[in-house]
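*Asks:* Questions regarding the structure given below will be posed in turn.
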Amino acid sequence: MDLHLTKKIALITGSTKGIGKAIAIELAREGADVIINGRRDAEVQAVVAELQADFPQVTIQGVAADLAKTADQERLFTEIPHIDILINNMGIFQPMDYFEIDDATWNKFFEVNVLAGNALARHYLPKMLQQDFGRIIFIASEEAVMPSGEMPQYSMTKSMNLSLAKSLSKLTVATHVTVNTIMPGSTLTEGVAKMLHDMYADTDLPEDQWEADFMKNHRSRSQIQRLIRPEEIGRFTAFVASPDHGAFSGEALRMDGGLVPTIF
Ligand code: NAD
């Protein structure tokens, strides 16, 4: 399937690893010019070089910036004045005891997981409306609709992503700009691989059984009983970003392996 993304310019925040990198790869595979973002320049440049070698037909750029900081956002806006696709992917998560979460921590999660993506949308959305094409996709989580209670400061921000994306979509009525949210379930990123290692390295369980055991005992509601692969989220995100798929508008799209037990 040709997604008609050739020469579209896509910025993916937090794309030096994990889900963000997988989205960048799939967009580049589909012919989009891609902007990689992370906080450390060496990591950004390494991913830029890797993707440019793999996809010589597209242009891969990199911006090292902490997009939770206003000054870094301003620098991004100067360096990258125009994009067609904004993937608000970067996010932090950490299981925490509710009574241990202080106000500074609540604020940090709000700033990184909500305000940063909001600032980028506020800047780029008017230009998308002007050219009558654009895609803004927030990467939320199944925690947005099914808070586990393991990390309330994170779940709150992911619910906010849904509300924010829906509000922004109201600004796009009768245009070819769309704003949507994708909600991945537990996905095998480097961070989750490390978590499995920390949980099982000192046990007798062979490594090839860690994932199945984790799903059985910690994600028992998952219908696929395996972790989602980042490239699955990447392919779906590229599909939603396609100019051919403008009927996704203001949607909260689940890709959680059946983890959320309800129909809606
Ligand atoms: P990750 O930690 O592997 O990668 C996050 C990326 O964001 C990294 O490149 C990191 O450098 C970058 N980043 C973090 N703070 C930043 C900042 N202030 N400025 C710029 N870059 C910053 O994360 P992941 O698991 O790939 O998650 C990506 C998104 O998917 C997050 O929003 C997360 O909440 C969501 N998600 C992940 C899972 C999962 O199981 N991995 C499940 C559901 C949702």
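Counted from 1, the sequence shown has number 785 at position 258 by this note's numbering; the numbering is strictly sequential. All C-beta atoms, glycine included, are put in the ideal place defined by N, C-alpha and C.
1. Expressed to the nearest angstrom, what Euclidean distance is found between the alpha-carbon atoms of Q572 and V641?
2. Taking only the alpha-carbon atoms, compute the straight-line gap between G777 and T764 and give it to the nearest angstrom.
3. Which term fits P711, buried or exposed, when burial requires 16 or more other beta carbons within 10 angstroms of its beta carbon?
4. Thinking C-beta only, is F665 closer than 9 Å to N707?
5. I'd like to confirm something about Y651: is its beta-carbon nearer than 8 Å to some heavy atom of the ligand SAH, or not?
6. Which class does G541 belong to by DSSP, given the choice of helix, strand or coil?
7. Can you list, in chain order, the residues of its chain with a C-beta nearer than 7 Å to that of R556? Leave out the 5 residues immediately preceding and following it.
8. Would you identify the three-state DSSP class for L754, choosing helix, strand or coil?
9. Please report how far the alpha carbon of S542 lies from the alpha carbon of A595, in whole angstroms.
10. Measure the C-alpha to C-alpha separation of D624 and M673 and round it to an integer number of angstroms.
11. Please go through the same chain and pick out, in chain order, the residues whose beta-carbon is closer than 6 Å to the beta-carbon of V574, but skip the five residues on each side of it.
12. Mapping DSSP to helix, strand and coil, what is Q476?
13. Pull up the distance between the alpha-carbon of K685 and that of S769, whole angstroms please.
14. For V561, does the three-state DSSP call read helix, strand or coil?
*Replies:* Checking against the coordinates, here is how it stands:
1. For Q572 and V641, the gap between their C-alpha atoms comes out near 26 Å.
2. Distance between the alpha carbons of G777 and T764: 14 Å.
3. The residue is buried, with at least 16 neighbouring Cβ atoms inside 10 Å.
4. A contact, by the Cβ cut-off of 9 Å.
5. Questions concerning the ligand SAH fall outside what the structure shown contains, since the ligands it does hold are the ligand NAD.
6. If DSSP states are grouped into helix, strand and coil, G541 belongs with coil.
7. A distance below 7 Å between beta-carbons, with the five flanking residues on each side excluded, links R556 to the following residues of its chain, in chain order: F582.
8. Three-state result, L754: coil.
9. Their backbone Cα atoms lie some 15 Å apart in a straight line.
10. Between the alpha carbons of D624 and M673 lies a distance of about 17 Å.
11. Result list for V574: T543, I563, in chain order.
12. Past the edges of the chain, shown from 528 to 791, lies residue 476, and the structure says nothing about it.
13. If I take the Cα positions, the gap works out to 24 Å.
14. Look at V561 here: in three-state DSSP terms it is strand.
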